[in-house]
Amino acid sequence: MQAETENLAYLSLLSLFAFLNNSVFRATLPLRLVLMRLQWMNQLKGQMHLSASVSGLELDAGELPSQMSFDDWPELRRIFTERFASKSQAEWSEIFDGTDACVTPVLSFDQVSSHPHNRERGSFMKDSSGEESPRPAPVLSRTPAEPCLTSDPVTGEHTAEVLQEYGFTSPQINQMLSAGVIECNAVKAKL
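UniProt numbering puts the first residue of the sequence shown at 1, with every later residue one more than the last.
Dropping the structure here:
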């Protein structure tokens, strides 16, 4: 059963990969997602960075199809995909680290907060409930944004208070609540 589940997950990822690389968006998206051992790499298209990508992939630029011809894109994509599939995401990340190639790992939310780039810059913070979330950007040197560490209110959390401030009475608020005109929700404790 576990093997079947893993195979289904793998096939789902392959379906997503096929859609992203063969859909009508392929000519407009400036990136390619490449599946490698169930992880992804993002490669930005563009002549400026192609030579760095080709170098990192250890390919001979003279033997590659033309990047400027739409007709050659399927073959170019096949070559790059096969090459990316030959190593893990970690291996490619190490190869392309510090180069001008626009190639980067696609990270999950759990991975992105612990990525060295984001840790160095303090890109993530914990809010009052201990949840990790992105820090407001940009962080300016003279006027850095002060992040709010409290969670946003839930829908209807302050409805009764606001209506009372505008002069509505408790019976009027209860009538609107029972008629479904407003929604009032109390904050629930996280246990």
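Even glycine gets a Cβ: it sits at the ideal position worked out from N, Cα and C.
| message | Do Ser-113 and Phe-124 count as a contact pair if the criterion is CB distance below 8 Å? | response | Taking the first residue of the sequence shown as 1, we reach residue 124 at position 124. Taking the first residue of the sequence shown as 1, we reach residue 113 at position 113. Yes, these two residues count as a Cβ contact at 8 Å.
| request: Starting from Thr-104, follow the alpha helix (DSSP H) in both directions and report where the run begins and ends. | output: Taking the sequence shown and counting its residues from 1, one reaches residue 104 at position 104. Taken as a continuous stretch (DSSP letters only), Thr-104 belongs to no alpha helix (DSSP H), being part of the beta strand (DSSP E) at 103-106.
| query | For Pro-74, which three-state DSSP category applies? | reply | Looking up residue 74 in the sequence shown gives position 74. Of the three classes helix, strand and coil, the one that applies to Pro-74 here is helix, per DSSP.
| field | Helix, strand or coil at Glu-91 according to DSSP, with G and I counted as helix | value | Position 91 of the sequence shown, counted from the first residue, corresponds to residue 91. Here Glu-91 sits in helix by DSSP.
| task | With a floor of 4 residues, list each alpha helix (DSSP H) that falls wholly inside the segment 97-136, ordered by position along the chain. | result | 109-112, 116-121
| query | If you draw a straight line from the alpha carbon of Arg-121 to that of Glu-132, how long is it in whole angstroms? | reply | Within the sequence shown, the letter at position 121 stands for residue 121. Within the sequence shown, the letter at position 132 stands for residue 132. Distance between the alpha carbons of Arg-121 and Glu-132: 15 Å.
| query | Going along the chain, which residues of its own chain have a beta-carbon closer than 7 Å to the beta-carbon of Pro-147, five neighbours each way excluded? | reply | On the sequence shown, position 147 is the one that residue 147 refers to. For Pro-147, where only same-chain residues beyond five positions count, the Cβ hits under 7 Å are Met-125, Arg-135, Pro-136.
| query | Where does Phe-84 fall in DSSP's three states? | reply | Locating residue 84 in the sequence shown gives position 84, counting from the first residue. For Phe-84, the three-state secondary structure derived from DSSP is helix.
| Taking DSSP as the reference, what is the three-state secondary structure of Val-54? | Taking the first residue of the sequence shown as position 1, residue 54 is located at position 54. Three-state result, Val-54: helix.
| task | Could you check if Leu-149 is buried or exposed, using at least 16 other CB atoms within 10 Å of its CB as the buried criterion? | result | The count along the sequence shown starts at 1 and reaches residue 149 at position 149. Under this definition Leu-149 is an exposed residue.
| request: Consult DSSP for Leu-38 and reduce its assignment to one of helix, strand or coil. | output: Within the sequence shown, the letter at position 38 stands for residue 38. Because Leu-38 sits at a pLDDT of 45, beneath the cut-off of 50, its placement in the model cannot be relied upon, and the point is left open.
| task | Enumerate in chain order the residues of its own chain whose CB-to-CB distance from Pro-65 is below 6 Å, with the five nearest sequence positions on each side excluded. | result | The sequence position of residue 65 within the sequence shown is 65, counting from 1. Contacts found: Asp-72, Glu-75, Leu-76.
| Does DSSP classify Val-162 as helix, strand or coil? | Within the sequence shown, residue 162 is the residue found at index 162, counting from 1. In this structure, Val-162 counts as helix in the three-state DSSP scheme.
| message | So, under 8 Å CB-CB, Asn-185 and Thr-155 are touching, yes? Tell me the CB distance rounded to an integer number of Å. | response | In the sequence shown, residue 185 corresponds to position 185, counting from 1. In the sequence shown, residue 155 corresponds to position 155, counting from 1. Yes, Asn-185 and Thr-155 are in contact; Cβ-Cβ is about 6 Å, under 8 Å.
| request: Would you kindly report the start and end of the unbroken alpha helix (DSSP H) that includes Leu-177? | output: Here residue 177 refers to the residue found at position 177 when the sequence shown is read from its first residue. That run of the alpha helix (DSSP H) goes 170-178.
| query | By DSSP, does Ile-79 sit in helix, in strand, or in coil? | reply | Position 79 of the sequence shown holds residue 79. Helix at Ile-79.
| said: Measuring only the C-alpha atoms, how far is Tyr-166 from His-158? | reply: The residue given as residue 166 occupies position 166 in the sequence shown. The residue given as residue 158 occupies position 158 in the sequence shown. Whole-angstrom Cα-Cα distance: 13 Å.
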